[in-house]
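Undergrad: One structure, as structure tokens, below. Some questions next.
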Amino acid sequence: MPQNIGTICLVIGAMKAGTTSLYHYLSQHPQVAPSSIKEPAFFADDAVWNRGVDWYMALWDPDPHQHRVALEASTDYTKRPFLPLVPERIATLPGVRVRFIYLMRHPLRRLESQARHAARVGAELAHMIEPTRDFSLDAGVSERGIMTSRYAYQLDAFTARFPAADVLPLVFEDMKAAPQATLDRVCDFLGLDRFEPAAFATHNSAADRKQPPPVWAQLARVPAARALAARVTSSAFRKRLRRRLGHEVPGRFQLTAEEEATVLNILGPDLGRLRDNYGIDPRRAWGIDPDGLDPARAPRGLRHLADQDLPGT
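Here is the structure:
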């Protein structure tokens, strides 16, 4: 474990729901030791998992006189059933308390953003690049995207193995409207002193609209190239360069009214459980009434996505 730090905080998702922003806020806290890799996906990606726990723990270099909590944020931790072993692997960490933060966004807007992001990077799961796949909504609504928006289902895997008091569900829209209030809740949850970061900003909101050209994308996957770029250029310069070199991601990334109705009906039971079991009211958060939704209204071939217990999960 990170030396002399008894708690690791994992921001486990959801994908495209503000996890990067929250990670950057918390990384500024003087009592938090952020990981050297923001999103290691250690417990989700088999190849990374096989590097071993010692590799994972080496992601932190904490000051035992200052830091109370080690931090990382990997949205692949809440993508079951496609990446199913995450809680079981986390539970094997020796001698450390793990606390979880789970951010949720309007499920339709999150799904659209996930589709755009997947089209930009060529992957939906961990580091599994699918270069020939069309991730846009022109190819249909992704089952992976729907399942990632089943928030209660994703939370169930963690509350079944860890104390409910160690899991903090939050709403992205609340953080966006009142970031300091959300950050205060997080600090209280983690036992940290309340603080104000240097600035509140939304991270990665516009980046997904651009797609890096092939050469840029290939260089970005080479650790030595990334390290050299970080040393010789400023963060602001790199962002400007990416925007200039990038181009619009092709395809449709807005759900039709029919697609929205289908997805919401599939999510209806899950949203009801999110309200009843986890205290997140979809009506207040997103204007969605779970009681008015019914998976039976969805196309027959998609209704299985509403099942509480899916095979192999």
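No gaps in the numbering here: position 177 of the sequence shown is 177 in the UniProt record's numbering, and each next residue is one more. Glycine residues also receive a C-beta, built at the ideal position from the N, C-alpha and C atoms.
Between Ala123 and the ligand FMN, is there a pair consisting of the residue's CB and a ligand heavy atom that are separated by less than 6 Å?
TA: As presented, the structure is devoid of all ligands, the ligand FMN included, so that no description of it is given.
Undergrad: How would you label Leu245, buried or exposed, when you count the other beta carbons within 10 angstroms and need 16 or more for buried?
TA: In this predicted model, Leu245 has a pLDDT of only 43, less than 50, meaning its place in the structure is not dependable; the value taken from the coordinates is given anyway. Leu245 should be labelled exposed.
Undergrad: Check whether the region 135 to 147 touches the region 44 to 63, counting contact only when three or more Cβ pairs, one atom from each stretch, lie closer than 8 Å.
TA: They do not touch, by the three-pair rule.
Undergrad: If you reduce the DSSP assignment to three classes, tell me which class Thr132 lands in.
TA: Coil.
Undergrad: Cβ of Leu26 within 7 Å of Cβ of Leu93?
TA: In this structure, Leu93 does not lie closer than 7 Å to Leu26 by Cβ.
Undergrad: Go ahead and pull the three-state DSSP assignment for Gly268.
TA: Note: Gly268 maps to helix in three-state DSSP.
Undergrad: Measuring alpha carbon to alpha carbon, tell me which of Ile12, Gly279, Gly287, Glu260 ends up nearest Arg297.
TA: Nearest option by C-alpha distance: Glu260.
Undergrad: Check each candidate in His106, Pro282, Gly191, Ala123 and name the one with the smallest Cα separation from Cys9.
TA: Ranking His106, Pro282, Gly191, Ala123 by Cα distance to Cys9 puts Gly191 first.
Undergrad: Measuring CB to CB, does Gly140 end up less than 7 Å from Ile129?
TA: No, they are not a contact pair.
Undergrad: When the distance is taken between beta carbons, is Ile280 closer than 7 Å to Ala306?
TA: No; because the gap between Cβ atoms is not below 7 Å, this pair is not in contact.
Undergrad: Please report how far the alpha carbon of Val48 lies from the alpha carbon of Phe42, in whole angstroms.
TA: So the alpha carbons of these two residues sit roughly 5 Å apart.
Undergrad: Flag this pair as yes or no: are the beta carbons of Ala14 and Thr78 separated by less than 7 Å?
TA: Closer than 7 Å, so yes.
Undergrad: For Met104, which three-state DSSP category applies?
TA: If DSSP states are grouped into helix, strand and coil, Met104 belongs with the strands.
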